[in-house]
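Numbering (my numbering), first residue to last: 1149 to 1946.
Notes follow once the structure below has been shown.
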Ligand code: ADP
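Spelled out as structure tokens, the structure:
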């Protein structure tokens, strides 16, 4: 098994040209991540010409200047050094900060539509606001997209004086915003919003049956904060709009009870990378017996089999406090990449219900998916994209591949004096934990503040328990964003020990010594903030993000990373060679241990990139078809004649209706019925495609390329979509009497979902769908053919 994996995955990129090419040349060669911002540098230098005059100008003069630029309009899209000087001076006066030259350069980089890497603490909030102001003064509409509500609101309020000074309207949108508030907010020149909220607004707008219902965000300029997290890590997470659906909670409770009777190993087995669980023959027999001797592989029992599989998955592979928390009677997912509660996220399909059943909570009805959009599709709608983050360069290739976005790095205002100690690799988890505890105690004894970044909530708690009561430790678990930010902000205080999952409270500034100058001197003397990582993350970028917490703005600081061979990263991404080396245990030198861990990390990075590409391939067909449906939908909303469209399918009844009422009333009735069928058919098509995609791995067994096969089916199923809609509309209109012309949906019994809600799912969590489908089919074939299945390609049973 391990051999297979090693062969499959070892094609990680080992050679990176950029490491050998000087920066200036990389820029010329157009290598990803090597944008030199030459244009911006010239503008930044040239603004010096205007510094004296803007300094001398009164507030009224500056405001007047801003007004003239806005009404001028001629300078649109052209970076101007005069405008930049104006924005700089406005920032100084309204926010009380003189921006650094690095910040001015970063502003022009965003203004030119690039992705910018700037270290933590370098003042990206200000940069984003200045760039937004520059765009807005040129007449553009700007969205500054953040990762959560808390940051959107905080930044909008914090930066508001700048926009107000320049006569620009700024607004924010969050989960709590009402429809009217959203509509008003999107009219502002600059809108701060979490990317997911904009996505939900798009989805809801697409369901509108009247143009005036829309909140209509403008897709002009996006400045994406934490761009790597949003544009890469979450790129393929679908945002979902769902409506009320059937309630099958009793069935889930029954399946959970059934699965509760199974014994590990005897009735089910978990494969070694912990991603798949499958029933043994004995397990299947037990379940079939309990269900009164049915054959669960019969088509009529497919629902039962699915629920049993989900319940088993929920029991064996998804763990409380690692993958999810239970609070206030609800299952709340922990986004493992960020180590925080992922609000509004659910596991897809029935897995969520299965976990609720396992926890004996009331089961939320799964609902019908009305529409979805991925974060990547959403971002690609913007005319101009730009972004910033502390870790952009590691994803420069992907930003170029998926968004045609060039990127580059802006150096720090003050050089870093942080030390990153080499990773220490332990042979076992126990040895690692002991070392971490010793490290915390030893640093804490000197008064140095310590921030420990763990991989899970459970790990945070375990570590906190290991520390003596005399150490005042703050454990930060996935809670709410504002609370997290407050705790993280204090992590730099003298003697503080903070344990938190990696990205909690991100976007929060950690000041040494908190707000106290005296304390700051003590902390600096103790070496600044110490960041301790308890493992390597599945990407170097995430490691870098955690380390970036220390040594901000030229502060002293140190980072220490402890890893072990028992870490999930190593266990799941090991090559055969590493496996052999690890067996040598304690005698293995640190240098070799580091190689093993680093290799596992590179394999993990490659696998993730492959997943991104793969999911994107699947989504392309769906996106293209959705665009076609939306185009027709918009034509209907904008008053295109439906009568003309359906007349060829029969005109007698239509003519009667027009004669008995009037043409406009008939058009309105046809439009209402058409929207209904367009939406309903799209939902069905989407459900079908999702099902096909989940089952597509079965075709791998038949030797077909799953993506090609998926596209072929998607195309075939979409064929005739609009004809079918027209036919359904014509049929319905024939059943409509003239007296009911103003209530066609009511008369025909066509109802829209009464309630809708939104959530975000992480596509293909744990890779369940494909793997589960393969397992199921293998079992099935084996039962039917009596052991023949072992000859199928990819079969694990030898
Ligand atoms: P980042 O998002 O890049 O980590 P923030 O935007 O949170 O950084 O800013 C970090 C801190 O630096 C904030 O307290 C902010 O007020 C401060 N800051 C930003 N720009 C300046 C500046 N030009 N002069 C002084 N302080 C600044």
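A virtual CB, placed ideally from N, CA and C, is assigned to each residue, including glycine.
In this text, all values refer to a predicted model and were calculated from it rather than measured experimentally.
DSSP-derived helix/strand/coil call for residue i
{"i": "residue 1663", "result": "coil"}
{"i": "residue 1658", "result": "coil"}
{"i": "residue 1677", "result": "strand"}
{"i": "residue 1412", "result": "strand"}
{"i": "residue 1478", "result": "strand"}
{"i": "residue 1370", "result": "strand"}
{"i": "residue 1364", "result": "coil"}
{"i": "residue 1291", "result": "strand"}
{"i": "residue 1318", "result": "strand"}
{"i": "residue 1923", "result": "Because residue 1923 carries a pLDDT of 47, less than 50, the predicted location of this residue cannot be relied on, and the following value inherits that uncertainty. Reduced to three states, the DSSP call for residue 1923 is helix."}
{"i": "residue 1254", "result": "helix"}
{"i": "residue 1509", "result": "coil"}
{"i": "residue 1426", "result": "strand"}
{"i": "residue 1839", "result": "helix"}
{"i": "residue 1466", "result": "coil"}
{"i": "residue 1124", "result": "Residue 1124 is absent from the structure shown; the chain starts at 1149 and stops at 1946."}
{"i": "residue 1932", "result": "With a pLDDT of only 46 at residue 1932, under the threshold of 50, the placement of this residue in the model should not be trusted; the figure read from the coordinates follows. It is helical."}
{"i": "residue 1889", "result": "coil"}
{"i": "residue 1622", "result": "strand"}
{"i": "residue 1404", "result": "helix"}
{"i": "residue 1386", "result": "strand"}
{"i": "residue 1442", "result": "coil"}
{"i": "residue 1894", "result": "helix"}
{"i": "residue 1683", "result": "coil"}
Beta carbon of residue i nearer than 8 Å to that of residue j
{"i": "residue 1455", "j": "residue 1403", "result": "yes"}
{"i": "residue 1877", "j": "residue 1833", "result": "no"}
{"i": "residue 1343", "j": "residue 1353", "result": "no"}
{"i": "residue 1250", "j": "residue 1538", "result": "no"}
{"i": "residue 1656", "j": "residue 1602", "result": "no"}
{"i": "residue 1564", "j": "residue 1541", "result": "no"}
{"i": "residue 1831", "j": "residue 1518", "result": "yes"}
{"i": "residue 1502", "j": "residue 1458", "result": "yes"}
{"i": "residue 1377", "j": "residue 1293", "result": "no"}
{"i": "residue 1697", "j": "residue 1270", "result": "no"}
{"i": "residue 1328", "j": "residue 1291", "result": "no"}
{"i": "residue 1470", "j": "residue 1604", "result": "yes"}
{"i": "residue 1869", "j": "residue 1841", "result": "no"}
{"i": "residue 1791", "j": "residue 1802", "result": "yes"}
{"i": "residue 1368", "j": "residue 1531", "result": "yes"}
{"i": "residue 1526", "j": "residue 1551", "result": "no"}
{"i": "residue 1278", "j": "residue 1309", "result": "no"}
{"i": "residue 1904", "j": "residue 1391", "result": "yes"}
{"i": "residue 1659", "j": "residue 1640", "result": "yes"}
{"i": "residue 1306", "j": "residue 1282", "result": "no"}
{"i": "residue 1295", "j": "residue 1398", "result": "no"}
{"i": "residue 1202", "j": "residue 1227", "result": "no"}
Of the listed residues the options, nearest to residue i (C-alpha basis)
{"i": "residue 1315", "options": "1250, 1882, 1291, 1234", "result": "1234"}
{"i": "residue 1582", "options": "1560, 1611, 1562", "result": "1611"}
{"i": "residue 1183", "options": "1466, 1656, 1261, 1823", "result": "1261"}
{"i": "residue 1389", "options": "1232, 1349, 1191, 1764", "result": "1349"}
{"i": "residue 1188", "options": "1211, 1256, 1198, 1241", "result": "1256"}
{"i": "residue 1898", "options": "1882, 1821, 1347, 1886", "result": "1821"}
{"i": "residue 1884", "options": "1814, 1773, 1275", "result": "1814"}
{"i": "residue 1739", "options": "1800, 1570, 1465, 1198", "result": "1570"}
{"i": "residue 1346", "options": "1359, 1372, 1357, 1360", "result": "1372"}
{"i": "residue 1786", "options": "1761, 1819, 1762, 1764", "result": "1819"}
{"i": "residue 1414", "options": "1427, 1405, 1406", "result": "1427"}
Beta carbon proximity, residue i to chain C, threshold 8 Å
{"i": "residue 1311", "result": "Here chain C cannot be found, since the structure has a single protein chain."}
- Any contact of the region 1767-1781 with the region 1692-1709, i.e. 3+ C-beta pairs under 8 Å? By the Cβ rule, the region 1767-1781 does not count as touching the region 1692-1709, because fewer than three pairs are nearer than 8 Å.
- Message: Pairs of beta-carbons, one from the region 1737-1757 and one from the region 1678-1692, closer than 8 Å: are there three or more?
- Response: yes
- Message: Counting beta carbon pairs with one atom in the region 1660-1677 and one in the region 1333-1340, are three or more of them shorter than 8 Å?
- Response: no
- Message: Assess contact between the region 1731-1751 and the region 1583-1597, defined as three or more Cβ pairs (one per stretch) separated by less than 8 Å. Is contact present?
- Response: As far as the Cβ criterion goes, the region 1731-1751 does not touch the region 1583-1597, which means the pair count is below three.
- May I ask you to verify whether the region 1523-1535 touches the region 1237-1252, counting CB pairs closer than 8 Å and requiring at least 3? no
- Query: Is it true that the region 1631-1648 meets the region 1613-1622, where meeting means three or more beta-carbon pairs spaced less than 8 Å apart?
  - Reply: The answer is yes - the region 1613-1622 touches the region 1631-1648, with three or more Cβ pairs under 8 Å.
- Query: Quick one: any contact between the region 1628-1638 and the region 1713-1721, if contact means 3 or more CB pairs under 8 Å?
  - Reply: no
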